[in-house]
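Worksheet: one structure, shown below.
Have a look at this one:
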């Protein structure tokens with residue numbers, strides 16, 4: 003039995019509330035001072051919490067594997083990211099705030115440059131055209147219609163756009179059109195199953211019309227489609243955990259990911275302060291709160307050690323307001339590490355601070371990567387966190403007699 | 003998705019080199035002084051490395067399971083030993099330096115004693131005849147021919163020999179002939195699938211002729227065949243990891259295991275010193291180096307605590323030469339424990355010393371089983387080591403967007 007089925011079977015109701023505070027890209031590596039971003043940050047509230055908490059280190063996927071945002075969050079939400087996957091087209095759409103319906107199929111589009119004579123791709127990214135140019139071309143592509151489907155095209159960034167077709171009979175299981183190198187023509191969309199024939203044929207029809215629209219443009223006189231996928235249809239938080247769950251996040255990607263597992267997405271402004279206000283006003287209405295802080299990751303990606311320290315400190319500063327709500331279970335961790343020294347996501351374990359009744363306190367007295375090495379939770383996987391949260395919220399019954 | 007498929011999907015190229023230094027049977031138990039062999043050994047170089055490394059303890063298979071050499075190394079190489087198995091006949095052949103082709107089938111042979119009247123086995127090991135006698139009988143068995151197949155018979159040790167048939171249409175999936183107790187006749191080889199009929203019939207024909215050859219011998223007037231198997235066809239290091247890998251080992255078994263995963267096996271002499279020379283001369287030509295030290299295990303099997311300490315010290319002494327090559331990732335560990343006090347392989351975890359960029363240093367300052375209990379890697383499995391090595395060598399891309 004996989005964990006999702008186990009949770010479906012064992013969950014029961016209680017009035018205890020769970021808060022999962024995710025500092026995106028929280029984990030770090032030693033900076034110039036020899037301390038990590040979290041170790042360097044002054045976090046008196048988290049450190050105080052450590053003394054009544056149990057700590058540990060959590061691997062997002064498996065050792066050595068660096069997760070994207072999708073798999074990192076699926077793990078935190080308790081869905082094994084190697085078993086439950088989200089197509090790239092879906093993530094691209096979620097990232098710009100588009101909503102998918104069960105009848106939608108989404109693709110990531112790239113504008114490219116084609117040789118006008120031969121039709122082969124000479125630049126897979128059309129000279130990395132600016133987002134403004136991308137928006138202008140997308141506006142022209144919106145004129146394309148296909149019978150029986152609604153079409154959404156939205157600019158993303160630079161040469162990237164999102165395409166969504168919505169209608170009956172659209173199915174996963176078609177190939178991409180990017181040949182992955184220059185000197186070749188864009189490929190046709192091919193169906194991989196009988197059921198995806200209609201999708202392939204509609205996408206090829208759209209591409210044909212798009213090439214007509216773009217043919218006199220320069221440098222973006224063509225496009226390719228990648229990661230063509232549907233909403234993966236994940237079992238919802240209500241179904242799996244019996245939880246009435248909401249998401250408090252400032253960026254579209256994380257709102258979208260939360261929506262995929264059936265969380266209500268609340269209007270939360272664009273600062274940690276406004277997120278806390280949202281949390282307070284929604285407190286009585288939900289059992290589970292996914293609270294997402296984005297800018298730890300952004301600072302890490304920028305290689306800005308000090309900015310990442312500041313975001314951690316800013317989060318620490320609002321903790322008393324969160325604690326005043328008296329959550330029964332509070333987990334503080336991240337979806338993946340983003341060490342400023344690497345300027346990218348990484349595979350390193352995440353420090354975990356776990357506060358609840360019925361924990362076994364350990365000797366950890368400050369929240370940091372190395373302090374957590376000695377934590378009572380030891381080394382776990384992200385998918386372990388939700389079952390632990392559920393247990394400590396009196397929301398799981400016994401397995402077997 | 004299993005780990006091998008994940009590695010196939012995520013690996014990318016870099017110029018960073020990985021060294022896996024395997025001290026066979028490294029793990030130990032406290033001896034008379036209360037220290038283990040590794041704790042007792044003076045290892046100034048390993049201890050110094052610990053201060054810039056992250057340490058941990060690794061379980062070869064799963065807790066409590068004692069591995070043979072095959073599964074122990076498969077784990078280190080990143081192939082789950084419970085999923086990927088190597089037949090005993092194949093290991094026996096590799097252990098004496100025989101090479102298998104994709105068309106070969108190998109068996110482990112045991113000379114036995116048959117009652118001349120009834121044909122039942124009276125001694126399954128023919129009184130443990132000496133290796134010299136085994137070689138003499140094998141020389142006689144070499145006279146046996148079968149149409150359409152090449153036959154190799156080689157003495158192994160005492161009453162054991164290796165048999166290889168090589169030809170078209172030979173397949174796995176046949177039963178053994180050893181009835182596992184005395185008082186019964188040797189069994190026939192039976193095919194378990196339609197495709198293995200030919201193999202069974204050829205092996206039965208060989209056995210019939212062998213019994214004719216041996217009938218007037220004493221005490222070895224018969225034989226049985228066990229572990230009849232083909233090369234398991236493991237995906238290669240190049241395919242799985244994109245690594246150009248080589249093996250530096252002094253014993254046939256480990257060269258053979260490395261060959262099964264597609265490593266080049268280098269001529270490495272028969273001492274640690276000659277192995278280091280081989281490493282230096284091959285440095286520019288490979289990305290991955292499996293460096294095997296055998297005699298820690300041999301000393302452990304002999305129950306010779308002090309000899310095992312000396313081999314560890316001898317290995318420590320050559321470390322500066324290895325470090326001078328500046329490997330990007332260096333892992334020092336063993337395939338399994340062989341505590342001198344047990345005189346055998348055991349299930350105990352292996353101390354792991356992991357040196358690379360982008361590690362989170364821990365507080366471990368000497369390389370030993372108990373020091374590693376507090377290591378930052380915590381408790382891992384052997385199969386975790388290759389993904390971690392790949393990540394730290396910048397050879398894995400992100401999983402998911």
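Residue numbers (my numbering), protein chains in the order written: chain A, 3 to 403; chain B, 3 to 403.
Cβ coordinates follow ideal geometry from the N, Cα and C atoms, glycine included.
First and last residue of the uninterrupted alpha helix (DSSP H) at residue i
i: residue 133 of chain A; result: 133-143
i: residue 392 of chain A; result: 387-394
i: residue 50 of chain B; result: 46-52
DSSP three-state assignment for residue i, whether helix, strand or coil
i: residue 265 of chain A; result: coil
i: residue 278 of chain A; result: helix
i: residue 361 of chain A; result: coil
i: residue 109 of chain A; result: strand
i: residue 9 of chain B; result: helix
i: residue 195 of chain A; result: coil
i: residue 238 of chain B; result: coil
i: residue 65 of chain B; result: coil
i: residue 126 of chain A; result: coil
i: residue 35 of chain A; result: coil
i: residue 90 of chain B; result: helix
i: residue 243 of chain B; result: helix
i: residue 401 of chain B; result: strand
i: residue 348 of chain B; result: strand
i: residue 325 of chain B; result: helix
i: residue 148 of chain A; result: strand
i: residue 270 of chain B; result: coil
i: residue 43 of chain B; result: coil
i: residue 283 of chain B; result: helix
i: residue 308 of chain B; result: helix
i: residue 2 of chain A; result: In the structure as shown, chain A starts at 3 and stops at 403, and residue 2 of chain A therefore has no counterpart that could be examined.
Proximity test, Cβ basis, 8 Å: residue i and chain B
i: residue 347 of chain A; result: yes
i: residue 371 of chain A; result: yes
i: residue 9 of chain A; result: no
i: residue 287 of chain A; result: no
i: residue 103 of chain A; result: no
i: residue 64 of chain A; result: yes
i: residue 73 of chain A; result: yes
i: residue 77 of chain A; result: no
i: residue 314 of chain A; result: no
i: residue 294 of chain A; result: no
i: residue 265 of chain A; result: no
i: residue 22 of chain A; result: no
i: residue 157 of chain A; result: no
i: residue 83 of chain A; result: yes
Within chain B, the residues that residue i reaches when beta carbons sit closer than 8 Å
i: residue 226 of chain A; result: Residues of chain B passing the Cβ test: none, with the nearest at roughly 16 Å.
i: residue 67 of chain A; result: 8, 12, 389, 393, 398 and 401
i: residue 132 of chain A; result: Ordered by position in chain B, no residue passes the 8 Å Cβ test against residue 132 of chain A, which lies about 22 Å from the chain.
Under 8 Å from the C-beta of residue i: neighbouring residues of chain A
i: residue 378 of chain B; result: 372 and 375
i: residue 386 of chain B; result: 64, 65 and 66
i: residue 364 of chain B; result: 372 and 375
Residue span of the beta strand (DSSP E) that contains residue i, given as start and end
i: residue 343 of chain B; result: Note, residue 343 of chain B: premise wrong, no beta strand (DSSP E); not H, not E.
i: residue 162 of chain A; result: 162-168
i: residue 156 of chain B; result: 152-159
i: residue 335 of chain B; result: 331-335
i: residue 227 of chain A; result: 224-231
Which residues DSSP lists as bridging residue i, in chain order
i: residue 58 of chain A; result: A:354 and A:380
i: residue 180 of chain B; result: Beta-bridge pairing links residue 180 of chain B to no other residue.
i: residue 294 of chain B; result: B:24
i: residue 116 of chain B; result: B:123
i: residue 251 of chain B; result: Paired residue(s): none; residue 251 of chain B is not in a bridge.
i: residue 29 of chain A; result: A:339
Under 9 Å by beta carbon: chain B residues contacting residue i
i: residue 93 of chain A; result: 402 and 403
i: residue 87 of chain A; result: 3 and 402
i: residue 70 of chain A; result: 400, 401, 402 and 403
i: residue 31 of chain A; result: 360, 361 and 362
Proximity test, Cβ basis, 8 Å: residue i and chain A
i: residue 353 of chain B; result: no
heavy atom of the ligand NAP below 7 Å from residue i C-beta
i: residue 278 of chain B; result: As for the ligand NAP, it is missing from this structure, which has no ligand bound.
Chain B residues whose Cβ lies nearer than 7 Å to that of residue i
i: residue 90 of chain A; result: 403
Chain A residues whose Cβ lies nearer than 7 Å to that of residue i
i: residue 382 of chain B; result: 65
i: residue 223 of chain B; result: Those do not exist, as residue 223 of chain B stays about 54 Å from chain A at its closest Cβ, beyond 7 Å.
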